Amino acid sequence: MTHLTEHSLVQGGRSAAFATACVRGGVAAGLGVGALAVLVIVAWISSPFPDSGAGGALHLAAGLWLLAHGVELVRTDTLGGLPAPLGIVPLLTTALPVWLVFRTARSTLDPADETGPRPSPAGALGAVSGGYLLVAAVIVVYSESGPLPADLVTAGLWLPGVVLGAAGAGVWTALGRPLPGREEAAAALRGAAAGLVTLLAGGAVLAGTALVWHAGAARASYEGIAGEWSGRVALALLVLALLPNAAVWAAAYGLGPGVVLGTGALATPLGLVGDPAVPSFPLLAALPPEGRGGWPQWAAAAVPLVAAVVLGRSVGRATGTGRSRETALAALGAAWASGAAVAVLAGAAGGPLGSGRLLAFGPVWWQAGAAAVLWGVAVGLPTALAVRAWGRRVPRPKHPKPPKQPKQPKTAKAAKAPTPAATGPAPGAAAPTPPVFDFSLNGLNGLNGPNGLANLDDDEGYVPYDYLPASWETPPTPPAPRPAPAPRADTEPPRPSGTTGAEREAAPKDRP
189 MTHLTEHSLV QGGRSAAFAT ACVRGGVAAG LGVGALAVLV IVAWISSPFP DSGAGGALHL
249 AAGLWLLAHG VELVRTDTLG GLPAPLGIVP LLTTALPVWL VFRTARSTLD PADETGPRPS
309 PAGALGAVSG GYLLVAAVIV VYSESGPLPA DLVTAGLWLP GVVLGAAGAG VWTALGRPLP
369 GREEAAAALR GAAAGLVTLL AGGAVLAGTA LVWHAGAARA SYEGIAGEWS GRVALALLVL
429 ALLPNAAVWA AAYGLGPGVV LGTGALATPL GLVGDPAVPS FPLLAALPPE GRGGWPQWAA
489 AAVPLVAAVV LGRSVGRATG TGRSRETALA ALGAAWASGA AVAVLAGAAG GPLGSGRLLA
549 FGPVWWQAGA AAVLWGVAVG LPTALAVRAW GRRVPRPKHP KPPKQPKQPK TAKAAKAPTP
609 AATGPAPGAA APTPPVFDFS LNGLNGLNGP NGLANLDDDE GYVPYDYLPA SWETPPTPPA
669 PRPAPAPRAD TEPPRPSGTT GAEREAAPKD RP
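Take any residue in the sequence shown, note its place counting from 1, add 188, and you have its number in the working numbering.
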(Lines of atoms letter the chains of each structure in order from A; the text may use other names.)
(Lines give C-alpha, C1' and ligand atoms only; values in the text may rest on other atoms or scores of the structure.)
Protein backbone atom coordinates (compact mmCIF):
# COMPACT_ATOMS: atom_id res chain seq x y z
CA MET A 189 0.00 0.00 0.00
CA THR A 190 1.41 3.39 -1.04
CA HIS A 191 1.15 6.25 1.43
CA LEU A 192 0.79 9.75 -0.03
CA THR A 193 2.89 12.32 1.75
CA GLU A 194 2.68 16.09 1.64
CA HIS A 195 5.91 16.24 -0.37
CA SER A 196 4.56 13.93 -3.06
CA LEU A 197 1.33 15.92 -3.27
CA VAL A 198 3.23 19.17 -3.71
CA GLN A 199 5.45 17.66 -6.37
CA GLY A 200 2.41 16.28 -8.17
CA GLY A 201 0.67 19.68 -8.01
CA ARG A 202 3.68 21.48 -9.40
CA SER A 203 4.01 18.97 -12.22
CA ALA A 204 0.38 19.55 -13.15
CA ALA A 205 0.91 23.32 -13.00
CA PHE A 206 3.99 22.98 -15.23
CA ALA A 207 2.01 20.97 -17.81
CA THR A 208 -0.81 23.50 -17.68
CA ALA A 209 1.63 26.36 -18.32
CA CYS A 210 3.07 24.47 -21.31
CA VAL A 211 -0.40 24.03 -22.77
CA ARG A 212 -1.15 27.72 -22.20
CA GLY A 213 1.96 28.66 -24.17
CA GLY A 214 0.83 26.54 -27.10
CA VAL A 215 -2.66 28.08 -26.97
CA ALA A 216 -1.12 31.58 -27.05
CA ALA A 217 0.79 30.67 -30.23
CA GLY A 218 -2.35 29.25 -31.81
CA LEU A 219 -4.33 32.40 -31.02
CA GLY A 220 -1.74 34.57 -32.73
CA VAL A 221 -1.67 32.45 -35.86
CA GLY A 222 -5.45 32.28 -35.92
CA ALA A 223 -5.87 36.06 -35.72
CA LEU A 224 -3.57 36.63 -38.70
CA ALA A 225 -5.19 33.79 -40.61
CA VAL A 226 -8.61 35.40 -40.20
CA LEU A 227 -7.36 38.71 -41.61
CA VAL A 228 -5.64 37.04 -44.57
CA ILE A 229 -8.65 34.87 -45.42
CA VAL A 230 -10.99 37.87 -45.26
CA ALA A 231 -8.71 39.76 -47.65
CA TRP A 232 -8.56 36.69 -49.93
CA ILE A 233 -12.32 36.34 -49.97
CA SER A 234 -12.87 40.02 -50.70
CA SER A 235 -10.30 40.11 -53.50
CA PRO A 236 -11.94 40.02 -56.97
CA PHE A 237 -9.00 38.23 -58.57
CA PRO A 238 -7.25 35.99 -56.02
CA ASP A 239 -3.92 34.53 -57.13
CA SER A 240 -4.18 31.29 -55.13
CA GLY A 241 -6.64 29.25 -53.13
CA ALA A 242 -7.25 28.86 -49.44
CA GLY A 243 -4.00 26.92 -49.03
CA GLY A 244 -2.00 29.84 -50.33
CA ALA A 245 -3.82 32.18 -47.92
CA LEU A 246 -2.97 29.94 -44.97
CA HIS A 247 0.70 29.75 -46.04
CA LEU A 248 0.73 33.55 -46.28
CA ALA A 249 -0.71 33.82 -42.75
CA ALA A 250 1.94 31.45 -41.43
CA GLY A 251 4.68 33.48 -43.11
CA LEU A 252 3.37 36.76 -41.72
CA TRP A 253 3.22 35.24 -38.22
CA LEU A 254 6.85 34.15 -38.47
CA LEU A 255 7.83 37.55 -39.89
CA ALA A 256 6.21 39.19 -36.86
CA HIS A 257 8.75 37.32 -34.68
CA GLY A 258 11.71 38.61 -36.69
CA VAL A 259 12.13 35.58 -38.93
CA GLU A 260 13.21 36.40 -42.48
CA LEU A 261 11.15 34.98 -45.32
CA VAL A 262 12.37 33.94 -48.75
CA ARG A 263 10.36 34.79 -51.84
CA THR A 264 10.60 32.01 -54.41
CA ASP A 265 8.18 33.33 -57.06
CA THR A 266 10.32 36.22 -58.32
CA LEU A 267 10.51 37.36 -61.95
CA GLY A 268 14.17 36.43 -62.23
CA GLY A 269 13.70 33.05 -60.63
CA LEU A 270 16.24 33.77 -57.92
CA PRO A 271 15.04 33.69 -54.30
CA ALA A 272 14.76 37.14 -52.68
CA PRO A 273 14.86 37.65 -48.92
CA LEU A 274 12.20 39.66 -47.10
CA GLY A 275 13.29 40.79 -43.65
CA ILE A 276 11.51 44.06 -42.74
CA VAL A 277 9.23 43.22 -39.84
CA PRO A 278 5.98 45.20 -39.47
CA LEU A 279 6.44 46.06 -35.82
CA LEU A 280 2.74 46.53 -35.16
CA THR A 281 2.09 42.89 -36.01
CA THR A 282 4.70 41.96 -33.39
CA ALA A 283 2.57 43.51 -30.65
CA LEU A 284 -0.07 40.74 -30.77
CA PRO A 285 2.16 37.66 -30.26
CA VAL A 286 4.35 39.48 -27.74
CA TRP A 287 1.31 40.50 -25.71
CA LEU A 288 -0.10 36.95 -25.80
CA VAL A 289 3.14 35.44 -24.47
CA PHE A 290 3.47 38.17 -21.84
CA ARG A 291 -0.08 37.72 -20.59
CA THR A 292 0.22 33.92 -20.49
CA ALA A 293 3.41 33.99 -18.41
CA ARG A 294 1.98 36.57 -16.02
CA SER A 295 -1.28 34.67 -15.46
CA THR A 296 0.63 31.42 -14.88
CA LEU A 297 2.30 32.86 -11.77
CA ASP A 298 -0.70 34.93 -10.73
CA PRO A 299 -3.75 32.66 -11.10
CA ALA A 300 -7.24 33.53 -9.92
CA ASP A 301 -7.21 30.60 -7.48
CA GLU A 302 -4.60 31.42 -4.85
CA THR A 303 -4.90 27.99 -3.19
CA GLY A 304 -3.91 26.04 -6.31
CA PRO A 305 -0.31 24.99 -6.97
CA ARG A 306 1.88 27.25 -9.04
CA PRO A 307 5.20 26.55 -10.75
CA SER A 308 8.35 28.38 -9.82
CA PRO A 309 9.27 31.50 -11.82
CA ALA A 310 11.92 29.61 -13.77
CA GLY A 311 9.51 26.76 -14.34
CA ALA A 312 6.81 29.13 -15.61
CA LEU A 313 9.27 30.78 -17.98
CA GLY A 314 10.44 27.46 -19.39
CA ALA A 315 6.96 25.93 -19.62
CA VAL A 316 5.29 28.85 -21.39
CA SER A 317 8.22 29.36 -23.76
CA GLY A 318 8.50 25.65 -24.47
CA GLY A 319 4.83 25.25 -25.34
CA TYR A 320 4.92 28.32 -27.57
CA LEU A 321 8.08 27.21 -29.40
CA LEU A 322 6.67 23.75 -30.05
CA VAL A 323 3.80 25.29 -32.02
CA ALA A 324 6.24 27.69 -33.70
CA ALA A 325 8.38 24.77 -34.89
CA VAL A 326 5.33 23.17 -36.50
CA ILE A 327 4.52 26.45 -38.29
CA VAL A 328 8.11 26.77 -39.55
CA VAL A 329 7.89 23.28 -41.05
CA TYR A 330 4.51 24.11 -42.59
CA SER A 331 5.82 27.32 -44.19
CA GLU A 332 8.53 25.41 -46.07
CA SER A 333 5.95 24.13 -48.54
CA GLY A 334 4.52 27.57 -49.35
CA PRO A 335 5.58 30.59 -51.43
CA LEU A 336 7.21 32.28 -48.38
CA PRO A 337 9.35 29.71 -46.56
CA ALA A 338 11.19 30.78 -43.42
CA ASP A 339 14.92 31.25 -43.21
CA LEU A 340 16.08 28.61 -40.75
CA VAL A 341 19.01 30.64 -39.42
CA THR A 342 16.92 33.64 -38.38
CA ALA A 343 14.17 31.30 -37.18
CA GLY A 344 16.64 29.69 -34.78
CA LEU A 345 17.87 33.08 -33.49
CA TRP A 346 15.05 35.62 -33.44
CA LEU A 347 12.10 33.38 -32.68
CA PRO A 348 13.40 31.99 -29.33
CA GLY A 349 14.73 35.41 -28.36
CA VAL A 350 11.39 37.16 -28.83
CA VAL A 351 9.46 34.43 -27.01
CA LEU A 352 11.86 34.26 -24.05
CA GLY A 353 11.93 38.06 -23.76
CA ALA A 354 8.15 38.40 -23.70
CA ALA A 355 7.73 35.49 -21.25
CA GLY A 356 10.46 36.90 -19.00
CA ALA A 357 8.69 40.27 -18.94
CA GLY A 358 5.49 38.52 -17.89
CA VAL A 359 7.22 36.64 -15.07
CA TRP A 360 8.91 39.85 -13.92
CA THR A 361 5.56 41.64 -13.83
CA ALA A 362 3.94 38.80 -11.87
CA LEU A 363 6.71 39.07 -9.25
CA GLY A 364 6.00 42.77 -8.73
CA ARG A 365 8.53 44.25 -11.19
CA PRO A 366 11.54 44.00 -8.86
CA LEU A 367 14.58 46.09 -9.71
CA PRO A 368 18.23 45.45 -8.82
CA GLY A 369 19.17 46.08 -5.24
CA ARG A 370 21.76 48.70 -6.08
CA GLU A 371 20.38 52.17 -6.51
CA GLU A 372 22.61 52.90 -9.52
CA ALA A 373 21.32 49.90 -11.52
CA ALA A 374 17.67 50.73 -10.84
CA ALA A 375 18.24 54.39 -11.75
CA ALA A 376 20.03 53.35 -14.95
CA LEU A 377 17.12 51.16 -16.05
CA ARG A 378 14.56 53.89 -15.34
CA GLY A 379 16.62 56.49 -17.15
CA ALA A 380 17.11 54.22 -20.18
CA ALA A 381 13.37 53.55 -20.37
CA ALA A 382 12.54 57.27 -20.14
CA GLY A 383 15.09 58.18 -22.82
CA LEU A 384 13.95 55.38 -25.16
CA VAL A 385 10.27 56.36 -24.90
CA THR A 386 11.16 60.00 -25.58
CA LEU A 387 13.30 59.03 -28.58
CA LEU A 388 10.56 56.89 -30.14
CA ALA A 389 7.91 59.54 -29.52
CA GLY A 390 10.10 62.14 -31.17
CA GLY A 391 10.69 59.79 -34.12
CA ALA A 392 6.92 59.36 -34.53
CA VAL A 393 6.52 63.16 -34.57
CA LEU A 394 9.26 63.48 -37.21
CA ALA A 395 7.71 60.78 -39.39
CA GLY A 396 4.23 62.30 -39.12
CA THR A 397 5.53 65.78 -39.93
CA ALA A 398 7.39 64.46 -42.99
CA LEU A 399 4.28 62.63 -44.20
CA VAL A 400 2.18 65.77 -43.87
CA TRP A 401 4.92 67.75 -45.68
CA HIS A 402 4.86 65.26 -48.58
CA ALA A 403 1.15 64.47 -48.43
CA GLY A 404 0.71 64.86 -52.18
CA ALA A 405 3.40 62.35 -53.10
CA ALA A 406 2.17 59.87 -50.49
CA ARG A 407 -1.39 60.07 -51.81
CA ALA A 408 -0.28 59.59 -55.40
CA SER A 409 1.75 56.52 -54.41
CA TYR A 410 -1.19 55.08 -52.49
CA GLU A 411 -3.62 55.49 -55.37
CA GLY A 412 -1.13 54.12 -57.87
CA ILE A 413 -0.55 50.85 -56.03
CA ALA A 414 -4.11 49.92 -54.99
CA GLY A 415 -6.93 50.14 -57.49
CA GLU A 416 -9.86 48.18 -56.03
CA TRP A 417 -11.32 48.89 -52.60
CA SER A 418 -10.15 45.53 -51.24
CA GLY A 419 -6.58 46.33 -52.31
CA ARG A 420 -6.81 49.78 -50.74
CA VAL A 421 -7.96 48.29 -47.45
CA ALA A 422 -5.12 45.77 -47.48
CA LEU A 423 -2.59 48.49 -48.34
CA ALA A 424 -3.97 50.70 -45.57
CA LEU A 425 -3.52 47.88 -43.07
CA LEU A 426 0.05 47.34 -44.24
CA VAL A 427 0.82 51.06 -43.88
CA LEU A 428 -0.67 51.01 -40.39
CA ALA A 429 1.47 48.01 -39.43
CA LEU A 430 4.60 49.79 -40.65
CA LEU A 431 4.03 53.06 -38.77
CA PRO A 432 6.22 51.98 -35.79
CA ASN A 433 8.96 51.18 -38.33
CA ALA A 434 8.70 54.72 -39.65
CA ALA A 435 9.14 56.06 -36.09
CA VAL A 436 12.29 53.97 -35.61
CA TRP A 437 13.67 55.08 -38.97
CA ALA A 438 13.05 58.73 -38.11
CA ALA A 439 14.73 58.28 -34.72
CA ALA A 440 17.78 56.68 -36.38
CA TYR A 441 17.81 59.52 -38.89
CA GLY A 442 17.89 62.11 -36.09
CA LEU A 443 20.61 60.21 -34.19
CA GLY A 444 23.02 60.86 -37.05
CA PRO A 445 23.80 57.57 -38.82
CA GLY A 446 20.61 57.87 -40.88
CA VAL A 447 18.95 55.14 -42.93
CA VAL A 448 20.22 53.10 -45.85
CA LEU A 449 18.07 53.37 -48.98
CA GLY A 450 19.62 50.55 -50.91
CA THR A 451 23.19 49.58 -51.48
CA GLY A 452 25.35 52.73 -51.78
CA ALA A 453 22.63 55.24 -50.74
CA LEU A 454 22.49 56.88 -47.32
CA ALA A 455 20.16 59.58 -45.97
CA THR A 456 21.38 61.65 -42.99
CA PRO A 457 20.53 65.13 -41.65
CA LEU A 458 23.53 66.44 -43.60
CA GLY A 459 22.04 65.26 -46.87
CA LEU A 460 21.30 62.28 -49.09
CA VAL A 461 24.32 60.56 -50.62
CA GLY A 462 24.16 58.11 -53.52
CA ASP A 463 21.38 56.93 -55.80
CA PRO A 464 18.51 55.60 -53.65
CA ALA A 465 16.62 52.53 -54.85
CA VAL A 466 13.25 53.43 -53.35
CA PRO A 467 10.18 51.46 -54.44
CA SER A 468 6.84 53.16 -54.76
CA PHE A 469 5.24 53.09 -51.31
CA PRO A 470 3.27 55.76 -49.36
CA LEU A 471 5.57 55.80 -46.32
CA LEU A 472 8.71 56.09 -48.44
CA ALA A 473 7.37 59.33 -49.91
CA ALA A 474 8.37 61.04 -46.64
CA LEU A 475 12.10 60.49 -47.29
CA PRO A 476 14.22 63.64 -47.58
CA PRO A 477 15.05 64.95 -51.05
CA GLU A 478 18.41 64.46 -52.69
CA GLY A 479 21.21 66.92 -52.09
CA ARG A 480 22.39 68.79 -49.01
CA GLY A 481 20.19 69.00 -45.98
CA GLY A 482 18.76 72.30 -44.77
CA TRP A 483 17.35 73.47 -41.48
CA PRO A 484 14.32 71.09 -41.65
CA GLN A 485 16.73 68.14 -41.80
CA TRP A 486 19.04 69.56 -39.13
CA ALA A 487 16.08 70.07 -36.78
CA ALA A 488 15.80 66.27 -36.52
CA ALA A 489 18.80 66.34 -34.16
CA ALA A 490 16.53 67.89 -31.52
CA VAL A 491 14.89 64.50 -30.98
CA PRO A 492 17.96 62.65 -29.60
CA LEU A 493 19.00 65.81 -27.77
CA VAL A 494 15.72 65.95 -25.84
CA ALA A 495 15.84 62.18 -25.25
CA ALA A 496 19.35 62.43 -23.76
CA VAL A 497 18.27 65.31 -21.53
CA VAL A 498 15.30 63.29 -20.26
CA LEU A 499 17.62 60.33 -19.62
CA GLY A 500 20.04 62.47 -17.62
CA ARG A 501 17.26 64.19 -15.68
CA SER A 502 15.76 60.85 -14.65
CA VAL A 503 19.14 59.53 -13.49
CA GLY A 504 20.06 62.74 -11.68
CA ARG A 505 16.81 62.85 -9.74
CA ALA A 506 17.02 59.15 -8.82
CA THR A 507 20.61 59.39 -7.50
CA GLY A 508 20.47 62.88 -6.00
CA THR A 509 21.22 61.67 -2.48
CA GLY A 510 24.34 59.70 -3.45
CA ARG A 511 27.81 60.66 -4.54
CA SER A 512 28.68 62.12 -7.91
CA ARG A 513 30.52 58.92 -8.84
CA GLU A 514 27.32 56.90 -8.41
CA THR A 515 25.40 59.36 -10.57
CA ALA A 516 28.01 59.16 -13.31
CA LEU A 517 27.99 55.35 -13.27
CA ALA A 518 24.19 55.27 -13.43
CA ALA A 519 24.18 57.70 -16.36
CA LEU A 520 26.72 55.59 -18.25
CA GLY A 521 24.68 52.46 -17.57
CA ALA A 522 21.53 54.16 -18.82
CA ALA A 523 23.31 55.26 -22.00
CA TRP A 524 24.48 51.71 -22.72
CA ALA A 525 21.06 50.22 -21.95
CA SER A 526 19.26 52.66 -24.23
CA GLY A 527 21.85 52.02 -26.96
CA ALA A 528 21.23 48.28 -26.76
CA ALA A 529 17.47 48.78 -27.02
CA VAL A 530 17.85 51.11 -30.00
CA ALA A 531 20.11 48.58 -31.73
CA VAL A 532 17.51 45.82 -31.30
CA LEU A 533 14.69 48.00 -32.61
CA ALA A 534 16.76 49.22 -35.55
CA GLY A 535 17.66 45.66 -36.48
CA ALA A 536 14.00 44.63 -36.39
CA ALA A 537 12.73 47.72 -38.26
CA GLY A 538 15.22 47.36 -41.11
CA GLY A 539 16.33 44.54 -43.32
CA PRO A 540 16.34 43.35 -46.91
CA LEU A 541 13.48 44.05 -49.29
CA GLY A 542 14.86 41.84 -52.02
CA SER A 543 18.10 41.02 -53.74
CA GLY A 544 20.62 43.28 -55.41
CA ARG A 545 20.43 46.92 -54.35
CA LEU A 546 17.50 46.28 -51.99
CA LEU A 547 19.54 43.87 -49.92
CA ALA A 548 20.21 46.59 -47.31
CA PHE A 549 17.31 48.83 -46.41
CA GLY A 550 16.60 50.85 -43.28
CA PRO A 551 18.82 51.81 -40.32
CA VAL A 552 22.03 49.91 -39.58
CA TRP A 553 21.54 48.42 -36.12
CA TRP A 554 25.06 48.80 -34.72
CA GLN A 555 25.45 52.35 -35.99
CA ALA A 556 22.13 53.44 -34.48
CA GLY A 557 22.99 51.80 -31.16
CA ALA A 558 26.44 53.39 -31.01
CA ALA A 559 24.98 56.81 -31.79
CA ALA A 560 22.44 56.42 -28.98
CA VAL A 561 25.25 55.59 -26.55
CA LEU A 562 27.24 58.65 -27.65
CA TRP A 563 24.26 60.95 -27.20
CA GLY A 564 23.65 59.51 -23.73
CA VAL A 565 27.28 60.00 -22.68
CA ALA A 566 27.78 63.43 -24.25
CA VAL A 567 24.47 64.97 -23.12
CA GLY A 568 22.89 62.64 -20.59
CA LEU A 569 25.92 62.39 -18.28
CA PRO A 570 26.43 66.18 -17.80
CA THR A 571 22.69 66.63 -17.42
CA ALA A 572 22.55 63.99 -14.67
CA LEU A 573 25.41 65.63 -12.77
CA ALA A 574 23.86 69.08 -13.15
CA VAL A 575 20.47 67.86 -11.92
CA ARG A 576 22.12 66.18 -8.94
CA ALA A 577 24.04 69.35 -8.05
CA TRP A 578 20.93 71.48 -8.42
CA GLY A 579 18.93 69.17 -6.17
CA ARG A 580 21.59 69.22 -3.42
CA ARG A 581 21.84 73.00 -3.18
CA VAL A 582 20.92 74.58 0.18
CA PRO A 583 18.33 77.29 -0.27
CA ARG A 584 18.95 80.56 1.56
CA PRO A 585 16.46 81.35 4.31
CA LYS A 586 14.16 84.18 3.37
CA HIS A 587 13.61 86.68 6.18
CA PRO A 588 10.06 87.97 6.36
CA LYS A 589 9.69 91.65 5.68
CA PRO A 590 8.42 93.77 8.58
CA PRO A 591 4.81 94.76 8.16
CA LYS A 592 4.19 98.30 7.06
CA GLN A 593 2.70 100.57 9.69
CA PRO A 594 -0.69 101.96 8.79
CA LYS A 595 -0.73 105.59 7.76
CA GLN A 596 -2.22 107.97 10.28
CA PRO A 597 -5.14 110.12 9.17
CA LYS A 598 -4.58 113.80 8.60
CA THR A 599 -6.63 114.79 11.66
CA ALA A 600 -4.33 112.70 13.87
CA LYS A 601 -1.22 114.33 12.34
CA ALA A 602 -2.64 117.81 12.89
CA ALA A 603 -3.33 117.17 16.56
CA LYS A 604 -0.49 118.18 18.88
CA ALA A 605 0.82 115.61 21.28
CA PRO A 606 0.91 116.70 24.96
CA THR A 607 4.31 117.47 26.46
CA PRO A 608 5.90 114.95 28.76
CA ALA A 609 6.15 117.56 31.52
CA ALA A 610 2.40 118.05 31.60
CA THR A 611 1.44 114.46 31.43
CA GLY A 612 4.07 112.98 33.65
CA PRO A 613 5.60 109.53 33.22
CA ALA A 614 3.67 106.97 31.22
CA PRO A 615 1.98 104.28 33.25
CA GLY A 616 4.03 101.13 33.51
CA ALA A 617 7.30 102.89 32.49
CA ALA A 618 10.32 102.91 34.80
CA ALA A 619 10.52 106.12 36.80
CA PRO A 620 13.75 108.11 36.40
CA THR A 621 16.08 108.05 39.40
CA PRO A 622 15.93 111.44 41.14
CA PRO A 623 19.19 113.25 41.85
CA VAL A 624 20.55 113.10 45.40
CA PHE A 625 21.46 116.46 46.94
CA ASP A 626 23.56 117.18 50.02
CA PHE A 627 21.23 118.63 52.64
CA SER A 628 23.49 117.93 55.66
CA LEU A 629 26.31 119.99 56.91
CA ASN A 630 28.72 117.08 56.92
CA GLY A 631 28.68 116.70 53.15
CA LEU A 632 29.42 113.20 52.05
CA ASN A 633 29.49 111.93 55.63
CA GLY A 634 25.86 112.84 56.03
CA LEU A 635 24.93 111.06 52.84
CA ASN A 636 26.90 107.93 53.55
CA GLY A 637 26.22 107.63 57.27
CA PRO A 638 24.13 104.90 58.83
CA ASN A 639 21.07 107.14 58.73
CA GLY A 640 22.00 109.10 55.61
CA LEU A 641 20.15 109.41 52.37
CA ALA A 642 22.52 107.00 50.63
CA ASN A 643 21.15 104.10 52.68
CA LEU A 644 17.50 104.77 52.00
CA ASP A 645 17.53 102.31 49.10
CA ASP A 646 18.03 99.48 51.55
CA ASP A 647 14.55 99.98 52.88
CA GLU A 648 12.00 97.72 51.14
CA GLY A 649 9.26 100.31 51.43
CA TYR A 650 11.40 103.10 50.12
CA VAL A 651 9.84 105.05 47.23
CA PRO A 652 11.80 107.97 45.81
CA TYR A 653 8.70 110.07 45.29
CA ASP A 654 8.07 110.02 49.06
CA TYR A 655 11.11 112.28 49.50
CA LEU A 656 11.69 114.17 46.27
CA PRO A 657 9.25 115.34 43.63
CA ALA A 658 9.36 114.02 40.05
CA SER A 659 9.67 117.57 38.68
CA TRP A 660 11.34 120.54 40.37
CA GLU A 661 9.02 122.99 38.67
CA THR A 662 5.99 121.63 40.59
CA PRO A 663 6.04 122.13 44.38
CA PRO A 664 6.08 118.91 46.35
CA THR A 665 2.85 117.73 47.84
CA PRO A 666 2.98 117.73 51.69
CA PRO A 667 2.66 114.32 53.28
CA ALA A 668 -0.71 113.44 54.77
CA PRO A 669 -0.91 113.65 58.61
CA ARG A 670 -0.61 110.39 60.38
CA PRO A 671 -3.62 109.32 62.49
CA ALA A 672 -3.27 109.40 66.29
CA PRO A 673 -2.71 106.02 67.92
CA ALA A 674 -5.71 104.51 69.69
CA PRO A 675 -5.60 104.54 73.54
CA ARG A 676 -4.58 101.36 75.24
CA ALA A 677 -7.04 99.53 77.46
CA ASP A 678 -4.70 99.26 80.51
CA THR A 679 -3.93 102.98 80.70
CA GLU A 680 -5.97 105.68 82.46
CA PRO A 681 -7.58 108.48 80.55
CA PRO A 682 -5.78 111.79 80.73
CA ARG A 683 -6.64 114.09 83.67
CA PRO A 684 -7.80 117.66 83.26
CA SER A 685 -5.10 120.23 83.04
CA GLY A 686 -6.14 121.88 86.40
CA THR A 687 -5.23 118.86 88.53
CA THR A 688 -2.02 119.28 90.53
CA GLY A 689 0.63 116.71 91.13
CA ALA A 690 -0.44 116.26 94.80
CA GLU A 691 -3.92 115.40 93.77
CA ARG A 692 -2.56 112.84 91.28
CA GLU A 693 -0.53 111.21 94.07
CA ALA A 694 -3.41 111.20 96.54
CA ALA A 695 -5.96 109.80 94.16
CA PRO A 696 -4.91 106.15 94.42
CA LYS A 697 -5.03 106.30 98.20
CA ASP A 698 -8.68 107.45 98.25
CA ARG A 699 -9.72 104.36 96.36
CA PRO A 700 -10.84 101.42 98.48
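Glycine included, each C-beta is placed from N, C-alpha and C at the ideal position.
Small disclaimer: the values here were computed from a predicted structure and weren't measured.
Judged by beta-carbon spacing, ALA474 lies beyond the 8 Å limit of ALA558, meaning their Cβ atoms are not closer than that value. Contact between ALA293 and ALA355 holds: CB atoms are separated by about 4 Å, below the 8 Å threshold. Shown here, ALA272 sits in a strand according to DSSP, grouped into three states. Within the stretch 393–452, the alpha helix (DSSP H) runs of at least 4 residues that lie entirely inside it are, in chain order, 403–413, 417–429 and 431–443. About 6 Å separates the beta carbon of GLY450 from that of PRO464, a gap short enough to meet the 8 Å contact definition.
Rounded to whole angstroms, the separation of the alpha carbons of GLY214 and LEU322 is 7 Å.
Beta-bridge analysis with DSSP links ALA338 to LEU261. For ALA560, the uninterrupted alpha helix (DSSP H) run begins and ends at 553–563, by DSSP. Exclusion of the five residues before and after THR509 leaves no residue of its chain whose Cβ lies closer than 7 Å to its Cβ.
For VAL323, the enclosing alpha helix (DSSP H) begins and ends at 309–331. Take LEU288, set aside five residues on each side of it, and the residues of its chain with a beta-carbon closer than 7 Å to its own are ALA216, LEU219 and GLY220, in chain order. Here GLU332 is exposed. Its C-beta has fewer than 16 other C-beta atoms within 10 Å. Shown here, LEU458 sits in coil according to DSSP, grouped into three states, outside any helix or strand. Taking a contact as a CB-CB distance under 8 Å, the pair ALA362 and LEU297 counts as one, their CB atoms being some 4 Å apart.
Assignment of GLY349 by DSSP, reduced to helix, strand and coil, places it in the helix class. Our two residues, VAL385 and LEU493, have alpha carbons roughly 13 Å apart in a direct line. By a beta-carbon distance limit of 8 Å, SER512 does not contact ALA380. Their separation comes to about 20 Å. For GLY479, the three-state secondary structure derived from DSSP is strand. Along the length of the stretch 222–249, whole beta strand (DSSP E) runs at least 3 residues long do not occur. Per DSSP, the unbroken alpha helix (DSSP H) holding THR571 starts and ends at 569–579. In terms of CA proximity to ARG576, THR515 leads the group ALA408, THR515 and ALA529. Per DSSP, the unbroken alpha helix (DSSP H) holding SER526 starts and ends at 512–537.
By the Cβ rule, the stretch 361–375 does not count as touching the stretch 408–424, because fewer than three pairs are nearer than 8 Å. Membership of GLY504 in the alpha helix (DSSP H) is indicated by the continuous run 490–506.
The alpha-carbon separation between ARG505 and ALA572 amounts to approximately 8 Å.
Between ASP339 and VAL262 the beta-carbon gap is near 6 Å, inside 8 Å, which marks them as a contact.
The alpha-carbon of ALA231 is positioned some 40 Å away from that of GLY311. A check of alpha carbon separations from GLY452 across PRO445, VAL461 and GLY446 identifies VAL461 as the nearest. Across the set LEU423, LEU499 and VAL211, the C-alpha of LEU499 shows the shortest separation from the C-alpha of GLY564.
As DSSP reads the structure, PHE549 sits in a beta bridge with LEU449. The shortest C-alpha to C-alpha distance from VAL359 to any of ALA489, PHE290, GLY521 and THR456 is the one to PHE290.
Excluding sequence positions up to five before and after LEU270, its CB lies within less than 8 Å of the CB of SER543, all in the same chain and listed in chain order. For the set ALA209, LEU533 and ALA324, the Cα lying nearest the Cα of GLN555 is the one of LEU533.
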